[in-house]
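Below you'll find the structure, written out as structure tokens, and then a few comments.
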Amino acid sequence: MKRTLILTLCSAILAVSSCKKKDEIIVIIDPPVPAPCQMIKTNLSSNLFQLSDVLTYDDKGRVVKTLSSDKNEVTYAYSSTNITQTLGKSQTFNINYVLDDKGRVGQENISETDKIVYVYNTDGYLSEVKDIGKQGENYSMVYSYTNGNLTKIEKKGGTPDPTSTINISYGADIAVSNFFIPSISDLPESMTGVLSRYFGKPSKNLPTKITRTLPGRSLIFSYEKDAKGNVIKFTNTTSAPYESQSFTSTAEYSCK
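Numbering follows the numbering used here, with no gaps: position 133 of the sequence shown is 274.
Printed below as a string of structure tokens:
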């Protein structure tokens, strides 16, 4: 699962004044119990390739390792203030995620001079992502929401496309926190990856379509769930300007 510019839930509102401060931190940093079913393996395939990932969890339901069939390994170490993502085994590359006072990722440190800053709105949703380098801000991504779903991402600045827009449509299916959408979907990993619970409130529904202005193309998503509500099959069909192609991901779960 690749890293890109990568769903928390305030699960029980005990009091309006305490939910944002207390419950989010408990759920994000120290979830009381793991999810009833955990995704333990994914198989991504097309007519060009096949790739599988095995996921390992700790006793708090957090992903601590992913290992792909091409031997790429990613590990995650958690503390109350940081998450360290280590890519590779012999030759490693570390990414440090700094958590804010609500347990959300506030900053991603890629190197001594390069970082990504995450900004949240008053409702708790991720609203802006800023890529900052040695010379200052390289570009930003502005996130817009409709009815509890992320519906637009606008990129401003940077190369090769200084301005571009991603529009996201949704169906009626409710999003599930134990399903991680393969990164080939073009959605940001903060929305779909194994650390997505650390990036503010999630969209409430499963996305069904993406349209991009640069390059001008569409992606159509479909899902299949089992009797327990786990997403066991995800299909991503890509259209022009590229040759139309379909990617399918199946998922296996371990349920308690």
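Quick reminder that beta carbons are idealized off the backbone N, C-alpha and C, glycines included.
query, result
"Local Cβ density within 10 Å of I351, reported as buried at 16 or more and exposed below that", "buried"
"N371 vs Y394 beta-carbon contact at 7 Å", "yes"
"Span of the beta strand (DSSP E), counted from its first residue to its last, around E253", "That residue, E253, is in no beta strand (DSSP E); it is neither H nor E in DSSP."
"Extent of the continuous alpha helix (DSSP H) to which S331 belongs", "330 to 333"
"Secondary structure of I224, DSSP reduced to three states", "strand"
"Assigned secondary structure, R338 (DSSP; H/G/I helix, E/B strand, else coil)", "helix"
"Proximity of T254 and K275 at Cβ, strictly below 7 Å", "yes"
"7 Å CB neighbourhood of C396 in its chain, flanking five on each side removed", "P177, C178, K369"
"Touch test, the stretch 236 to 254 against the stretch 304 to 315, Cβ-Cβ under 8 Å, three pairs minimum", "no"
"Y259 beta carbon less than 7 Å from that of V270", "yes"
"Where S193 falls: helix, strand or coil (DSSP)", "strand"
"Integer Cβ distance of Y286 from I294, believed to fall under 8 Å", "The Cβ separation is near 11 Å, so there is no contact."
"Burial state of D171, where buried means 16 or more other Cβ atoms lie within 10 Å", "For D171, the predicted model reports a pLDDT of 41, less than 50, meaning its position is unreliable; a value from the coordinates is still stated below. Label assigned to D171: exposed."
"Distance CB(D211)-CB(V205) smaller than 7 Å", "no"
"Collapsed DSSP secondary structure at I373 in the structure displayed", "strand"
"Nearest neighbour of Y364, chosen from R353, P348, T379 [CA to CA]", "P348"
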